[in-house]
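Residue numbers (the numbering used here): 176 to 282.
Cβ atoms here follow ideal geometry from the backbone N, Cα and C, with glycine treated the same way.
Please read the structure below before turning to the comments.
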Ligand code: SF4
Ligand code: SF4
């Protein structure tokens, strides 16, 4: 397999929907993340029609977009990326970073 400059995990609506970060305890108590989710509520409802949500508005899919913009996450808690269908689909166990993408950067 050759190395590609393309993102390993594409930033797509379908991957955003499958991301498990919303269930993760690392960001469960983050006020910053809560604010982003409430702002997103309306946008999510029309996701089918929205071509692209700005990555900085989405507190998840960090395997694609890299380090979280929210700075109040608790990295002493367990990352659950390995339970995620996106993680499986793109075989992120073979990536340079395999978990805690919100802290370590994209896959
Ligand atoms: S692997 Fe982790 S960061 Fe990537 S979509 Fe799944 S839960 Fe989100
Ligand atoms: S990347 Fe991992 S640690 Fe960070 S919020 Fe998503 S599941 Fe949790």
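Sub-8 Å separation of residue i and residue j beta-carbons
i: residue 264; j: residue 282; result: no
i: residue 233; j: residue 215; result: yes
Residues near residue i by beta carbon distance below 8 Å, same chain, minus five either side
i: residue 226; result: Since pLDDT at residue 226 reaches only 48, below the 50 mark, its modelled position is unreliable, and the value read off the structure follows with that caveat. Taken in chain order, the list of residues that qualify is empty.
i: residue 182; result: 239 and 281
i: residue 184; result: 190, 236, 238, 239, 261, 265, 267, 281 and 282
i: residue 198; result: 255
i: residue 241; result: 276, 280 and 281
i: residue 211; result: 232, 233, 234 and 245
Inter-residue CB distance, residue i and residue j (contact presumed, cutoff 8 Å)
i: residue 235; j: residue 196; result: 3 Å
i: residue 194; j: residue 259; result: 6 Å
Residue i: CB within 7 Å of a non-hydrogen atom of ligand 1
i: residue 236; result: yes
i: residue 208; result: no
i: residue 184; result: yes
i: residue 190; result: yes
i: residue 200; result: no
i: residue 267; result: yes
Sequence-distant residues of its chain with Cβ nearer than 7 Å to residue i (five each side left out)
i: residue 250; result: 201, 275 and 278
Proximal residues to residue i (C-beta, below 6 Å), its chain only, five neighbours per side dropped
i: residue 256; result: 262 and 274
i: residue 244; result: 231
i: residue 252; result: 200 and 201
Residue i beta carbon near ligand 3 (any heavy atom closer than 7 Å)
i: residue 248; result: Although ligand 3 was asked about, the structure shown includes only ligand 1 and ligand 2 as ligands.
Residue i: CB within 7 Å of a non-hydrogen atom of ligand 2
i: residue 231; result: no
i: residue 195; result: yes
i: residue 212; result: no
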